[in-house]
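Written out below as structure tokens is the structure these notes cover.
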Amino acid sequence: MLTMQEVKNHYFFTEKDAELLSELLPLVRDNSSALMDAFYDYLLKIPETAKFLRNEQDLQKLKKTHAEWLISVFCGRYDNEYLLTLQHIGQTHVRIGVNAHYVNAAMNVMRRHLIEMLQSNYPNIEDRRKYRIATEKILDINLDIMSTSYQEEELRRVFVSHRIESKLIHAAERFTYGLNLILVLALIGVSLSVVVLFLWDLVHIFQGDFEKGILSALGTLLILWMMIELMDNEIKTLKGGKFNILIFIGVIIVALIREILISTLRHDVLNTQVFLAGTLLILGIVYYLVARSQGDRNHRD
């Protein structure tokens, strides 16, 4: 946070400027009522600012507050206490919901009336010029400090929004990671079931159903191999690798091949076998298209 002295230095505001402004204080006091009337005539013509002035009691209170601010502009003393007062004014504008645009516009109106006052009372160009420069400097300083409250409020909102967004993204990432862990555990369970199925197929071989046992065991081994690939893919995903949907399609194809082999041995009706073969063909086409798409993407990368 800048000190008042730093702010004055940035605007080349000197002690001479402060003296010139204090010399204008009697004139501003004499014209305070007229300046406030002109200022509020402007505010009342704008619907967005007039809504804050509908209550007569509030209107008179605000006029008094603005008159005190105007006098303070020409007080000749601009220290850190003055800085805090301007910051409080800016924070009040932010709190009640006055758009920063109207604060800037109102300050411009006040600037114009003050310059007109100087033109009416200082016919000498050199005298008028030095007073005008000092007045514009202090008005710019006032507007700068008041506007800072709006900037800080905007930064606060962005910061809060960013923190909430970051926490939501982090929570979603942890939730997704947890789901992937559950999927790996599920794959382990399914893989163990496939191993049991393979052992059961071996039992069929030793029981004399040699042909069915061999084909069924071969299909089960294919499924087990694909399950290993699937688990390996999930582990890579947990480590930050890319998800490969081809592995999932491959598992379905292998399972379908096993079902076709068993269906042939069971001598299922032709419609069932045609359906399985058609499904296998469609999955094969899908597998080919996905593999080709991934290959093209990798080639571009």
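Take the sequence shown: its position 129, counted from the start at 1, is 129 in UniProt numbering, and no numbers get skipped.
Beta carbons: idealized from backbone N, C-alpha and C, even for Gly.
Just so it is clear, the structure is predicted and the values come from calculations on it, not from any experiment.
Worksheet item: Taking the continuous alpha helix (DSSP H) assigned at GLY90, which residues delimit it?
Response: Where GLY90 is concerned, the enclosing alpha helix (DSSP H) stretches over 80 to 96.
Worksheet item: Comparing the C-beta of GLN87 with each C-beta of chain D, is any distance below 8 Å?
Response: In the displayed structure, chain D is absent; only one protein chain is listed.
Discussion item. Counting C-beta neighbours from all protein chains within 10 Å, is the total for LYS8 16 or more, i.e. buried, or is it exposed?
Written reply: Burial state of LYS8 is buried, judged by a 10 Å Cβ sphere holding 16 or more other Cβ atoms.
Discussion item. If I measure Cβ to Cβ from ILE285 and keep anything under 8 Å in the same chain, skipping five residues before and after, which residues do I get?
Written reply: If we look at ILE285 and ignore the five residues flanking it on each side, it has no Cβ neighbours.
Worksheet item: In terms of residue numbering, what span does the alpha helix (DSSP H) encompassing GLN60 cover?
Response: Its alpha helix (DSSP H) spans residues 56 to 73.
Worksheet entry | Under the three-state DSSP convention, the category VAL269 falls into | In this structure, VAL269 counts as coil in the three-state DSSP scheme.
Item to complete: State the Cα-Cα distance for the pair LEU224 and LYS167, rounded to the nearest angstrom.
Response: If I take the Cα positions, the gap works out to 39 Å.
Worksheet entry | Under the three-state DSSP convention, the category ILE99 falls into | It should be pointed out that residue 99 corresponds to Asn in this sequence rather than to Ile. DSSP places ASN99 in coil when its eight states are reduced to three.
Fill in: With 16 other Cβ atoms within 10 Å as the buried cut-off, status of VAL158
In this prediction, VAL158 scores a pLDDT of 45, lower than 50, which makes its location untrustworthy; no coordinate-derived value is stated.
Fill in: Opening and closing residue of the alpha helix (DSSP H) in which GLN5 lies
Element bounds for GLN5: 4 to 10.
Fill in: Exposed unless 16 or more other CB atoms sit within 10 angstroms - verdict on SER149
Label assigned to SER149: buried.
Worksheet entry | Buried versus exposed call for TYR78 [16 or more other C-beta atoms within 10 Å across all chains shown] | Within 10 angstroms of the beta-carbon of TYR78 lie 16 or more other beta-carbons, which makes it buried.
Item to complete: With a cut-off of 8 Å on the beta carbons, I'd call LEU35 and LEU86 a contact; round off their distance for me.
Response: Between the beta-carbon of LEU35 and that of LEU86 there is about 19 Å, and that puts the pair past the 8 Å contact cut.
Discussion item. According to DSSP, simplified to helix, strand and coil, what is TYR150?
Written reply: Helix at TYR150.
Worksheet item: Which whole-angstrom value describes the C-beta separation of LEU280 and ILE257, a residue pair presumed to lie in contact below a C-beta threshold of 8 Å?
Response: Indeed, because the Cβ distance is near 7 Å, the residues count as touching under 8 Å.
Worksheet entry | Collapsed DSSP secondary structure at GLN207 in the structure displayed | DSSP places GLN207 in the coil class of the three-state scheme, outside both helix and strand.
Worksheet item: Given 8 Å as the limit, is there contact between the region 31 to 48 and the region 103 to 112, that is, 3 or more CB pairs closer than that?
Response: A contact between stretches requires three or more CB pairs, one per stretch, nearer than 8 Å, and the region 31 to 48 meets this requirement with the region 103 to 112.
Fill in: Of the residues LEU62, ARG111 and LEU139, the one placed nearest ASP17, counting alpha carbons only
Comparing alpha carbon positions, the residue from LEU62, ARG111 and LEU139 closest to ASP17 is LEU139.
Worksheet item: Around the Cβ of THR135, are there at least 16 other Cβ atoms within 10 angstroms (buried) or fewer (exposed)?
Response: So THR135 ends up on the buried side.
Worksheet item: Helix, strand or coil: which one does DSSP assign to LYS45?
Response: Note: LYS45 maps to coil in three-state DSSP.
Worksheet item: Alpha carbon to alpha carbon, how far is TYR131 from ASP144?
Response: Separation of TYR131 and ASP144 (C-alpha to C-alpha, rounded to the nearest whole angstrom) is 20 Å.
Practice prompt. Select from ILE282, LEU246 and LEU270 the residue whose C-alpha is nearest the C-alpha of ARG292.
Written response: Closest in alpha carbon position to ARG292, among ILE282, LEU246 and LEU270, is LEU246.
Worksheet item: When the Cα atoms are used, what is the spatial distance from LEU183 to GLY189?
Response: Approximately 10 Å, taken between the alpha carbons.
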